[in-house]
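The structure appears right after this line, and notes come after that.
2 protein chains.
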Amino acid sequence: MSVNRRITLAARPVGFPKESDFLLSELAVPSAADGEIVVRSIYLSVDPYMRGRISGAKSYAAPVAIGEVMIGGAVGTVVGSKNPGFATGDIVEGMFGWQDYAVSNGKGVRKIDPSLAPLSTALGVLGMTGLTAYFGLLDVCDPKAGETVVVSGAAGAVGSVVGQIAKIKGCHVVGIAGSDDKLQAMKDLGFDAGFNYKTDTNYFAKLKELCPKGIDIYFDNVGGALTDAVIPQINLHARISVCGQISQYNLEKPEMGPRWLGMMIVARAKVQGFLVSDYYSRFPEGFSQMAAWLKEGKLQYNEHIVEGLENTPKAFIGMLNGQNTGKQLVQVSAPPA
Amino acid sequence: MSVNRRITLAARPVGFPKESDFLLSELAVPSAADGEIVVRSIYLSVDPYMRGRISGAKSYAAPVAIGEVMIGGAVGTVVGSKNPGFATGDIVEGMFGWQDYAVSNGKGVRKIDPSLAPLSTALGVLGMTGLTAYFGLLDVCDPKAGETVVVSGAAGAVGSVVGQIAKIKGCHVVGIAGSDDKLQAMKDLGFDAGFNYKTDTNYFAKLKELCPKGIDIYFDNVGGALTDAVIPQINLHARISVCGQISQYNLEKPEMGPRWLGMMIVARAKVQGFLVSDYYSRFPEGFSQMAAWLKEGKLQYNEHIVEGLENTPKAFIGMLNGQNTGKQLVQVSAPPA
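As they're listed, the protein sequences go chains A and B. First residue of the first sequence: 18, per the numbering used here; consecutive thereafter. First residue of the second sequence: 18, per the numbering used here; consecutive thereafter.
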């Protein structure tokens, strides 16, 4: 391939993103200056957090500028290196963006051992997704055997791992997802129970039925009306890990909901927002434990792979719509044999 | 006095409590059985949490039953003892309720050294109120010098102490209260700034002005629209201590507000509900530190004392209406000379 196809942000989405908010264009394949590497991407990661990075609202990082290549994690092959830390042929993971080829100074780039697991896992269960589940559940919520854990977005990349880690810790795990196929996928991963929030719309009653001992931990990827139904059922010293609020990302104006801080006093409960990047110093611990669980067969993962860089905006929009089960990826070139 | 006047709960209030929700009656003065003491109350404590205890809603303790003496802390004199741990004449603090005389088995009753400070402080700055401020600020929020602390209900019994402890810790302290007199009282206690939420109704703009570096800590006694204005201005790793939600206690139906969990992710912030009773094992530390600060002149306190047991319901309703500055007390008999 002699060109670098790249997807840039064409417009800031209002409400739900459209494919026309992105633009595919071509440039020459870049070359490495001193200290740099050139990476040809194999898989791109498509994640809910990206919705925040293309909005104009205050967030934890500067938004992607109009005309800029869309940010995102990717795994790829080093095809050129003037950085002594990397050799041609190395498999690496980093924030390479939505493009075929990326230039990097190597900072924040992680070498991947291709013998360990399929390369795509470096973006999922053995990547930021897995660590998000790991730290967001274990560090924020400290689950104890016998506790009841509710996970929203439970069939998604993070939620599906959260539920499995909670099972490893001996918890009763209830997942909430948006289709019967997703429910089945959750059960196949070992979740104790779950419901389809699109068809079982009395969330409060359904949670009451599935969580007879109340809710000790809520790992929230979704927010909105699901959270409203969880909060009145939390137990003493409940912990709520706020990982995502995907139900709110595409609203044109903020949604209203019942106030519930008074219930936090009654339960002496904690709500904690977090980002995986805050755990950077503990990444080695997380990668090591997740790899061990994977090897022991205690963790499984689902992937939803779309082919072709040009389909990345569509895959992103589909993920925001909940069309994926497990980690949403885009394959942009063939993995090495 | 040959009778024991007692105030019982006559009806569960709907919305704002009325005096007719309470009933004054008389019984004989009780006497002590083996292991018991009889206490004649001097001061009764009147607190926001009592609103929750007379509602039918799920809470952290069983509600006061209709016909039962209203619960509450009091300080008084032991006037009869068949408990070897207490002697006639001891000054004690405990949950003696809204009555002249109470019988107790001595459990949870604390002896007060009357030489240390005025007896009324055993219900305020050197009592549960002071410890609520102490643990709710220091343990839940861990304030650091230079951080900005916002306190709602800042002229109240807890809020006024929270602000002073935050000043001891070197913070920039902004209080929110409901009258200009209260604002002045806060400033007299050393708060850096504040506003009257009844007259300055653009809470967001006012907080923006008074907290130019954003908000690191929010100690919330009030909730509602004040919280809505605080949350969008929290800094990275902000801590929110949920002590009370007095704006919500007397609503006939739950209030709606904008959803803000997404902002907790952006700021990686924590919201924690707490009750002082959860810190029971650390009470000695709290009492000792508060007494030391009081002695060193680093802590001051305001009291709002109403005379006469029969006026307790009125004092309670007035406190819910924000008529008190500092700790609301009812004096039911003369302190010892």
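Quick reminder that beta carbons are idealized off the backbone N, C-alpha and C, glycines included. Source: prediction; values computed, not measured.
Burial state of residue i (16 or more Cβ within 10 Å)
i, result
"residue 183(A)", "buried"
"residue 269(B)", "exposed"
"residue 325(B)", "exposed"
"residue 216(A)", "exposed"
"residue 160(B)", "buried"
"residue 266(B)", "buried"
"residue 330(A)", "buried"
"residue 38(A)", "buried"
"residue 44(B)", "exposed"
"residue 23(B)", "buried"
"residue 313(A)", "exposed"
"residue 307(B)", "buried"
"residue 205(B)", "exposed"
"residue 21(A)", "buried"
"residue 263(B)", "buried"
"residue 297(B)", "exposed"
"residue 164(B)", "buried"
"residue 354(A)", "exposed"
"residue 106(B)", "exposed"
"residue 284(B)", "buried"
For residue i, the three-state DSSP class (helix, strand or coil)
i, result
"residue 148(B)", "helix"
"residue 225(B)", "helix"
"residue 296(A)", "helix"
"residue 350(B)", "coil"
"residue 249(B)", "helix"
"residue 324(B)", "strand"
"residue 25(B)", "strand"
"residue 342(A)", "coil"
"residue 268(B)", "coil"
"residue 124(B)", "coil"
"residue 305(A)", "helix"
"residue 44(A)", "strand"
"residue 168(A)", "strand"
"residue 19(A)", "coil"
"residue 33(A)", "coil"
"residue 139(B)", "helix"
"residue 261(B)", "coil"
"residue 174(A)", "helix"
"residue 160(A)", "coil"
"residue 275(B)", "strand"
"residue 290(A)", "strand"
"residue 284(B)", "helix"
"residue 134(B)", "coil"
"residue 181(A)", "helix"
Contact set between residue i and chain E, taken where Cβ atoms lie within less than 9 Å
i, result
"residue 283(A)", "Checking the listed chains, one finds no chain E in this structure; the protein chains it contains are A and B."
Rounded Cβ spacing between residue i and residue j (contact assumed at less than 8 Å)
i, j, result
"residue 334(A)", "residue 53(A)", "About 33 Å; that fails the 8 Å criterion."
"residue 276(B)", "residue 180(A)", "That belief does not hold up - the Cβ atoms of residue 276(B) and residue 180(A) are roughly 24 Å apart, past 8 Å."
"residue 222(A)", "residue 187(A)", "Contact doesn't hold; Cβ gap of about 27 Å is too wide."
"residue 287(A)", "residue 257(A)", "7 Å"
"residue 93(A)", "residue 56(A)", "4 Å"
"residue 152(B)", "residue 299(B)", "7 Å"
"residue 63(B)", "residue 70(B)", "The Cβ separation is near 12 Å, so there is no contact."
Near the ligand ZN: residue i beta-carbon under 8 Å from a heavy atom
i, result
"residue 291(A)", "Absence of the ligand ZN is noted for the structure shown, with no ligands found whatsoever."
Review point. Does the region 305 to 325 of chain A come close enough to the region 340 to 349 of chain A to have 3 or more Cβ pairs within less than 8 Å?
Key: yes
**Study point:** beta strand (DSSP E) segments (min. 3 residues) lying fully within the region 192 to 245 of chain A
**Key:** 210 to 213 and 232 to 237
**Study point:** the region 290 to 303 of chain A / the region 148 to 156 of chain A touching (three or more Cβ pairs under 8 Å)
**Key:** yes
Point to revise | Inside the region 46 to 84 of chain A only - beta strand (DSSP E) runs reaching at least 3 residues | key: 54 to 62
Review point. Any chance the region 168 to 175 of chain A sits against the region 220 to 239 of chain A, with 3 or more Cβ pairs inside 8 Å?
Key: yes
Practice item. State whether the region 87 to 99 of chain A contacts the region 111 to 125 of chain A, with contact taken as three or more CB pairs (one from each stretch) at a distance under 8 Å. Key: yes
Exercise for review: Take every Cβ of the region 72 to 81 of chain B, pair it with every Cβ of the region 127 to 135 of chain B, and state whether three or more of those distances are shorter than 8 Å.
Suggested key: no
**Study point:** 3 or more residues per run - each beta strand (DSSP E) lying fully within the region 88 to 112 of chain B
**Key:** 91 to 98 and 108 to 111
Practice item. Determine contact between the region 171 to 178 of chain B and the region 191 to 199 of chain B, defined as no fewer than three beta-carbon pairs at a distance below 8 Å. Key: yes
Check your understanding: Quick one: any contact between the region 137 to 144 of chain B and the region 248 to 260 of chain B, if contact means 3 or more CB pairs under 8 Å?
Key -> no
Exercise for review: Examine the Cβ distances between the region 38 to 52 of chain A and the region 93 to 112 of chain A and report whether three or more of them are shorter than 8 Å.
Suggested key: yes
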